[in-house]
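Using full-length UniProt numbering, read the sequence shown as starting at 1 and increasing by one per residue.
Built from N, CA and C at the ideal position, the CB exists for glycine as well.
Being a predicted model, the structure only gives us computed values, none of them experimental.
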Amino acid sequence: MIGFVEGATDKFDRLYDAPFDVEKKSMEFYSFVEDVHKATIQGLPVLKEDTKTIKVGFVVDELGDYSIDIQEEQIEEAYYIYLLDTEKGVTVDLKQSEYNFTVDAVGENNTRFKVVYTKNKLKTLSADSYEMDANKFLVYLNERKELIATYNNSVDDIDEVSVFNVQGRKVASFKGEQKMNTSNLSSGVYIVSAKLQDNRSLNRKIVLVD
Numbered sequence: 001m002i003g004f005v006e007g008a009t010d011k012f013d014r015l016y017d018a019p020f021d022v023e024k025k026s027m028e029f030y031s032f033v034e035d036v037h038k039a040t041i042q043g044l045p046v047l048k049e050d051t052k053t054i055k056v057g058f059v060v061d062e063l064g065d066y067s068i069d070i071q072e073e074q075i076e077e078a079y080y081i082y083l084l085d086t087e088k089g090v091t092v093d094l095k096q097s098e099y100n101f102t103v104d105a106v107g108e109n110n111t112r113f114k115v116v117y118t119k120n121k122l123k124t125l126s127a128d129s130y131e132m133d134a135n136k137f138l139v140y141l142n143e144r145k146e147l148i149a150t151y152n153n154s155v156d157d158i159d160e161v162s163v164f165n166v167q168g169r170k171v172a173s174f175k176g177e178q179k180m181n182t183s184n185l186s187s188g189v190y191i192v193s194a195k196l197q198d199n200r201s202l203n204r205k206i207v208l209v210d
């Protein structure tokens, strides 16, 4: 549960935040406090900025179909509430409909979903249209092992690039026009997420080897 209340901060507040039970294995959602701590209940400052994005994770012990919807709304009418499914590339207006999705792997997933509260109407995307868009997003290493991300053969439309490990923890970030040295990252699988200028997100999986 995510709420915007007087007195709360973006940090962990004992009065407003409840830690997630890490022993829980059945389907349960949680948000992240300071991008690190899992919370079943997260209290945030009263919403004033035009856009607020919150990463949402979940744990599941059974494969199958699930859904996400809004139980209550206690924010200004001016705000849209969108769910971003970064794996499927779907953007859903949760004020208009619930979102049904399929889970094909048990355990934690900390990179798939984001909730966006915004005063700006976003373009909703289906899985098919995302697939076409995602093909324009390329990630590669140059001869100096620097990571480079491009969209439509250019860096101009990329605002920021974030790199996550398989546990969903952000390990690096850089602006779209920059490059990132990967020599300090251990071998393994990483998710590279690009935030575009129009607030859309695109992901690529990469494997780093020594």
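With a threshold of 16 other CB atoms inside 10 Å of the CB of residue 110, please say whether the residue is buried or exposed. Taking a 10 Å sphere around the C-beta of residue 110, we find 16 or more other C-beta atoms and assign the residue as buried.
Where residue 28 sits in the DSSP three-state scheme: Three-state DSSP puts residue 28 in a strand.
Where in the stretch 71 to 130 do unbroken runs of the beta strand (DSSP E), each at least 3 residues long, occur, reported from the N-terminal end onward? Correct list: 80 to 85, 90 to 93, 99 to 103 and 107 to 118.
Quick one: grab the DSSP three-state call for residue 42. Residue state, collapsed to three classes: strand.
Reduced DSSP secondary structure (H/G/I, E/B, other) of residue 140: The answer is strand: DSSP assigns residue 140 an E or B state.
Beta-carbon contacts of residue 36 that lie in its chain and below 8 Å, excluding the five residues immediately before and after: Contacts found: 169.
Can you tell me whether DSSP reads residue 16 as helix, strand or coil? Looking at residue 16 - three-state DSSP - the assignment turns out to be coil, as it is neither helix nor strand.
Just to confirm the assignment, what range does the beta strand (DSSP E) spanning residue 201 have? Residue 201 -> beta strand (DSSP E) spans 201 to 208.
Taking the beta carbon of residue 42 as the centre, do at least 16 other beta carbons fall within 10 Å, making it buried, or is it exposed? If you draw a 10 Å sphere on the C-beta of residue 42, you find 16 or more other C-beta atoms in it, and that means buried.
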